[in-house]
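Worksheet for the structure shown next.
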Amino acid sequence: VTAITSAPLADQRALSAGTTQRFVLLLSLFLVSSVQLASMLVGNPNAPDRAGGCFLAAGVNPSASGTALLLPQVNESSALNECLAQYGTGLPPWWPPYAITAGLVAAAGLVYLLLAAGRRRTVPVVAVGQGGELAEELTALTARAGLARLPRFVMDPAAMDADAVTFGLPGRYTVCLHAGLVKLFRSNPEEFRTVVLHELAHIKNRDVGLTYVTIAAWRVYLILLLLPTAVSSAWGLLSGGKAVPVFWAVTRTADLKSLAVAAFVVLLVYLARTDVMRARETYADIDAAIWNERIAAPGGEGKGTGLLAAFWQLWRTHPVSRQRADASASAAAMFRVSSLQMFLTGAAVEMILYQFQDDLSPVSSAVGGPQYWPGVVAAALIASVACVGLWRAAASAALTGSPAPTGLPAGLWLGAGLMAGEVIAGSAANIEWLPDAPVFLLVLLLFATVAMVWTAQFAGLCVAARHGRGSRLVMAAGLAVIWAVIAIWLIWWYEEGSLAPAGISLISGRDAQLLMSGLDGPVIRGHHDMQLVVDALISPSEGYWLFAVAGALLWVAPLLMWAHRIRAGSPRLRSILLAGLGGGAVCCSGAVAVMAYMHSWQVPADQRSASYLLVFFGCLAACVVVGMTAAAVVATLVRGLRLLAALMASGAASLAGLAGVYVLVSWDGCVAPLNTMVNSCAWRPVSGWEFFRTFGGLALGFGSTAAAVAATALLTLTTLAAAVHRRTGSVSATPDRAMPVLPAPNVPRFRPGRLLAERSAIVALTGMIVMMLAVTFSMTGADLGSPGGEGSGTATDSLTVNQATQLYPAASASPKETGEMIAAWLKYGGAHLAIALFNANVKLGDAMSQSAAKVFRDANGQYSLVTGAQFRTAEAPTASACIAITQEVRRAEAYFPVPSTSLQRQWQSMLTGLMIGAQRCVRAVSTASLPQLLASFDDLNHASEAWGRVTNQLTSAAGRFCKAC
Amino acid sequence: MAESVSPACWGTRQIAVGDIVRDVIAEAAPAELPVVDGLRALGPDTVRKRLRRRRVFRDPVGSGLELVVSLMTPVAWIAVDELVRRVVDDAPGGLAGRIWKALRTFVRRVTRRSQDEVAAKATAPPLSPDQLEEVRRRVLELAPKYYLASADAEALADRVVARLILATAVPGTAGPTVAPSTGEAPAR
């Protein structure tokens, strides 16, 4: 250990440490996992013995996947619930898991109090030999730590290590010195002071309470919940699997998946716990080093290098000695953002959210409110944990001149966490292990990477622009921006995007055809595909406007920072704006080409209605998107703050491009080869405005997202290439290290004229985009809350889950599976219904024979038919029997359809025949019409024959599987 | 000084582990005297229970700094304590002896009297060479666990044996009647 200067440790408290947020995240995980495990413990309503049969009877094919698996459950939910209520263990009340969780919280509180009270017999330090000197030293150290109140110092003489622990309730802390440490007071005072100051730092940082809460919560969770649940689940899996294999097959994946989800959450809880505790230990080390004016040499002795050591470190509550030495020696080491922290944040956010939608559904339904709140909460968690950490790292690097974090690894790990959470708990995979289309999960990776790279670059820019002044305020503002942006992205994800990995494509020909049914105008021959694409793209119109707002936030925020004068190392605003103008030029050129192309197949004036117009506007919007992306790609090639430069360039390109398109559309008809909608020259600003109103959101939203993704992808590739290059020894510097550094080594010469021009440009650009968004938002804002609002004027309903499921019928089952399902269908209600129908028919026969004697009257030795009221009276039992048949038919119709298409057709046909016959029978009695009554009997006879056929087929199809029932 | 150490005890104990260990540590490692005093304040039963734990679990709320420090006190304490217990428990063999021992343990538990109190009432018999050799062997055996170098362990073993001989050769000289050659004397 070497005593060196404490300068690098300066002001690590200038920004929020973020450990409290991580602690909140940990507690949230504890609660969520507790509710989840408690739900498993108190009983699964869909236990694999009997309730499984209801699912099978409903047509849930055990080997189906994705949406097909959900379909019968969605379509037959009422019949399913009825079946579960009758045959299953029944839906348990919602409150036991919450009651158990509340009990655990109380138990954890009790354990906390016990832990805080101190566990061992101790001796006051003043009561032992040399106690006076020891007490004096401890008082001096307390004063050095700046503690207002002297803690109680005791000694545990039977603890032979050179350590110390702090316990007690807030305000009444006790520091317990172990015997080995007391010896160090004489033999090695320096080490003695290090340990004592470390403990005093815990008191100063208010760690003690949080640490004991964490320990108490973990012990209670482990012993009272995790172990019983593990035993119960293992027992349930083993016994359930052996009891009724056919039903076990239905729910095995779901049960195993729910176990895997629980295990994953437990893992997250453990890792989050150790992460929080390690972070607090590191901060205590730093404080102790500062107070002791004694800093370890970086890379101190001890294990701590290598992949295995890093992995081992994940499970420890204390950092290894090497990491402690690094943290004490360099501020950069403690500001470094850990991959684990990012991964944990991403995964935990997903788990918490989906838990809210699942086990915490009573809470979420009670809270109610808008459907976008999960995205907002998730974004808040990400911003407060991941972004705060990264901001601190970037700000520290900017202040100290050390290499700036790129945000790339952080973003990739955060994205990996989000993806893992989505696969494990999200709706993408439902009860399967992997989603049908996992590639769409990469959207989350892209979102996370863009957000983290932006945060890292924007933090560096803010610190450089503001010279470190008002750091907390600037960080709060920056975090608010990125929070809003992530929230918008995640709202879209939870509402629509997450359907894509589940195998439900939002943009496909079939969806577009569905949407087309709501469009005006004829389909244009020869351009059908293009029309479909445009139609499909404009469907989620409100999402685009939100994306446009997110995109604008991402480039307006750094643009405003550019108004500050000192930006050594950052790209010039002029270069960025030039790139933007270039993008605008690309957009305008494209628009001209589109008009020329449209002119080449211009339809007659009376057919230039919605469809033709849609294709025209859609192509123009594509030009804007291309222009924005091109500007972003070009700006990414500049040095320093490349993502911010790219986003600003794309923003400028969007304004220039939209202005150009507006002019071109408004002057449509003035240049003959470009005539599209009209052929006469006039200034028609309404046309340009119409384009902006209907396609502006799509262009801006799509464009800003495409620009951000393209720039980030390019940045990632160049960074990776540079890393590989560097590894081979050719290059020594990172490509994106040109972050502004304070103090700036090369402060540009102050030019008032240039500054004025730059600030004017910033104000103009910001004003334009804000005005544009505000105006259009006010027009479409009313529709934002309701999916399906006509945000773009011509859009139809956006695709909801239910609509999507209707588009995707269930996968066909094998004969064996069909047999199992039919057997279950019979067992769980089908057979009973069939028998009830048979009995109703038998009763009708009895009624008929009884009433037959009454409808004929003996008049002078001749039998004659009674009529009118007498007929109705005589046939009353028949009518009652027919009514009973209709009731039985309705009951049968409310039950699940037969899980076989052909048998269902026959079954339904039989039911329809019975219903028609029975209704005719009732009508015939009420109108006293014997012919009609006889005709109804014919109908009923035919239906009865059909009944015999279909029941025979059903029992033969169920065949041997009935034994398994 | 240590408030939990009653001065009255000193006069009654004839072989008190704490006294012997304190004398030894006062000479061998004066820096550890607060540790000895702390152990004496805890009481012999508690100390025995705590020191008997074979594995030391790292406290999750500790600093985790993993500093290594060598200690003579626990080595001396355990070795002497084990010897004392052997001497005290040296009951007659056979069934009657075992019953007598069990009864004695039961009474001690009921009356909550520690083994050391029982021991203190008895006059220590002179220790045999085997017993002394056993103590020495035990010290050397325990030394590595508490990070003692072999030379230090040898020296400690010699001091412990010497102090035990001194304590048992002249009955009634243990504890306060033997002034420690170095270190701080216990308060009365």
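These protein sequences, in sequence, are chains D and A. For reference, each letter of the first sequence is one residue, going 1 to 965 in our numbering. For reference, each letter of the second sequence is one residue, going 1001 to 1188 in our numbering. Cβ atoms here follow ideal geometry from the backbone N, Cα and C, with glycine treated the same way.
Measure from the alpha carbon of residue i to the alpha carbon of each residue in the options, then state which is nearest.
i	options	result
leucine 499/D	Met342/D, Leu444/D and Pro170/D	Leu444/D
leucine 461/D	Gly417/D, Ala404/D and Val388/D	Ala404/D
alanine 723/D	Val463/D, Ser33/D, Pro409/D and Ala918/D	Pro409/D
glutamate 133/D	Ala1031/A, Val1036/A and Val1068/A	Ala1031/A
alanine 879/D	Leu717/D, Asn841/D and Val626/D	Asn841/D
alanine 552/D	Ser232/D, Leu104/D and Ile486/D	Ile486/D
alanine 230/D	Ala260/D, Ile203/D and Glu191/D	Ala260/D
tryptophan 545/D	Val385/D, Ser704/D, Ala437/D and Ala831/D	Ser704/D
glycine 407/D	Thr712/D, Ala649/D and Ala380/D	Thr712/D
leucine 714/D	Arg642/D, Thr174/D and Leu381/D	Arg642/D
serine 851/D	Gly819/D, Val925/D, Leu903/D and Glu888/D	Val925/D
valine 1024/A	Met1072/A, Phe1106/A, Leu1083/A and Glu1066/A	Met1072/A
threonine 282/D	Cys619/D, Phe335/D and Leu441/D	Phe335/D
glycine 415/D	Thr455/D, Leu344/D and Gly401/D	Leu344/D
valine 376/D	Trp492/D, Phe55/D and Leu314/D	Trp492/D
arginine 1136/A	Phe1106/A, Val1068/A and Leu1164/A	Leu1164/A
alanine 394/D	Val463/D, Ala437/D and Cys623/D	Val463/D
isoleucine 1020/A	Glu1082/A, Arg1050/A and Trp1077/A	Trp1077/A
alanine 476/D	Val385/D, Ala823/D and Glu191/D	Val385/D
glutamate 1066/A	Gly168/D, Glu875/D and Ala162/D	Ala162/D
State the start and end residues of the unbroken alpha helix (DSSP H) segment that holds residue i.
i	result
arginine 693/D	685–727
aspartate 161/D	Segment: none, aspartate 161/D is in no alpha helix (DSSP H) and carries neither H nor E.
leucine 381/D	373–382
leucine 940/D	930–958
leucine 25/D	19–42
valine 388/D	388–400
arginine 1052/A	1044–1052
arginine 1022/A	1017–1028
valine 220/D	207–220
glutamate 190/D	189–204
leucine 307/D	307–314
arginine 121/D	Run containing arginine 121/D: none; DSSP gives neither H nor E here.
arginine 816/D	In the sequence as displayed, the identity of residue 816/D is lysine instead of arginine. Counting along the chain, the alpha helix (DSSP H) containing lysine 816/D begins and ends at 815–825.
leucine 412/D	408–425
alanine 1054/D	This structure does not reach residue 1054/D, given that chain D is present from 1 up to 965, and the question cannot be answered.
glutamate 1133/A	1129–1142
If contacts are defined as beta-carbon pairs under 8 Å, then residue i and residue j qualify, I think. What distance do you get, rounded to the angstrom?
i	j	result
alanine 201/D	leucine 181/D	Their Cβ separation, rounded to whole angstroms, is 16 Å, which puts alanine 201/D and leucine 181/D out of contact at 8 Å.
cysteine 176/D	valine 154/D	5 Å
phenylalanine 896/D	tryptophan 825/D	6 Å
proline 664/D	methionine 768/D	In the sequence on display, residue 664/D carries leucine and not proline. Not quite, the Cβ-Cβ distance comes to about 18 Å (not below 8 Å), so this is no contact.
aspartate 967/D	leucine 340/D	As shown, chain D starts at 1 and ends at 965. That puts residue 967/D outside it, with no answer to give.
alanine 448/D	glycine 346/D	7 Å
Mind checking which residues open and close the beta strand (DSSP E) that includes residue i?
i	result
histidine 178/D	172–178
Using Cβ-Cβ distances below 9 Å, what residues of the region 153–183 of chain D are close to chain A? Of all residues in the region 153–183 of chain D, those with a C-beta nearer than 9 Å to a C-beta of chain A are Met155, Asp156, Pro157, Ala158, Ala159, Met160, Asp161, Ala162, Asp163, Ala164, Val165, Thr166, Phe167, His178, Ala179, Gly180, Leu181, Val182 and Lys183, reading in chain order.
Let me know the beta strand (DSSP E) ranges lying completely inside the region 857–922 of chain D, each 3 residues or longer, listed in chain order. Entirely contained in the region 857–922 of chain D, the beta strand (DSSP E) runs reaching 3 residues are, in chain order, 862–865.
Return the chain-ordered ranges of every alpha helix (DSSP H) run that is complete within the region 601–646 of chain D and spans a minimum of 4 residues. With a minimum length of 4 residues, the continuous alpha helix (DSSP H) runs that stay inside the region 601–646 of chain D are 610–636.
Counting only Cβ-Cβ distances shorter than 8 Å, please list the residues of the region 1070–1090 of chain A near chain D, keeping chain order. So the close ones are Leu1071, Thr1073 and Pro1074.
Which of the residues in the region 1020–1050 of chain A, read from start to end, lie with their CB under 7 Å from any CB of chain D? When CB distances to chain D are screened at a threshold of 7 Å, the residues of the region 1020–1050 of chain A falling below it are Ala1031, Glu1032, Leu1033, Pro1034, Val1035, Asp1037, Gly1038, Leu1039, Ala1041, Leu1042, Thr1046, Val1047 and Arg1050, in chain order.
I'd like the ranges of any beta strand (DSSP E) spanning at least 3 consecutive residues and lying wholly in the region 440–476 of chain D. The qualifying runs do not exist here; there are none.
Proximal residues, the region 268–284 of chain D versus chain A, C-beta separation under 8 Å: Shown in chain order are the members of the region 268–284 of chain D whose Cβ falls below 8 Å from a Cβ of chain A: Met277, Glu281 and Ala284.
Interfacial residues, the region 465–489 of chain D to chain A, with Cβ spacing under 8 Å: Within the region 465–489 of chain D, no residue qualifies.
Taking a Cβ distance cut-off of 7 Å, strictly less, list which residues of the region 1131–1157 of chain A are near chain D, in chain order. Within the region 1131–1157 of chain A, the residues whose Cβ lies closer than 7 Å to some Cβ of chain D are Tyr1146, listed in chain order.
By the 8 Å beta-carbon criterion, what residues does the region 209–243 of chain D contribute toward chain A? If the cut-off is 8 Å between Cβ atoms, the region 209–243 of chain D has Thr211, Tyr212 and Ile215 near chain A.
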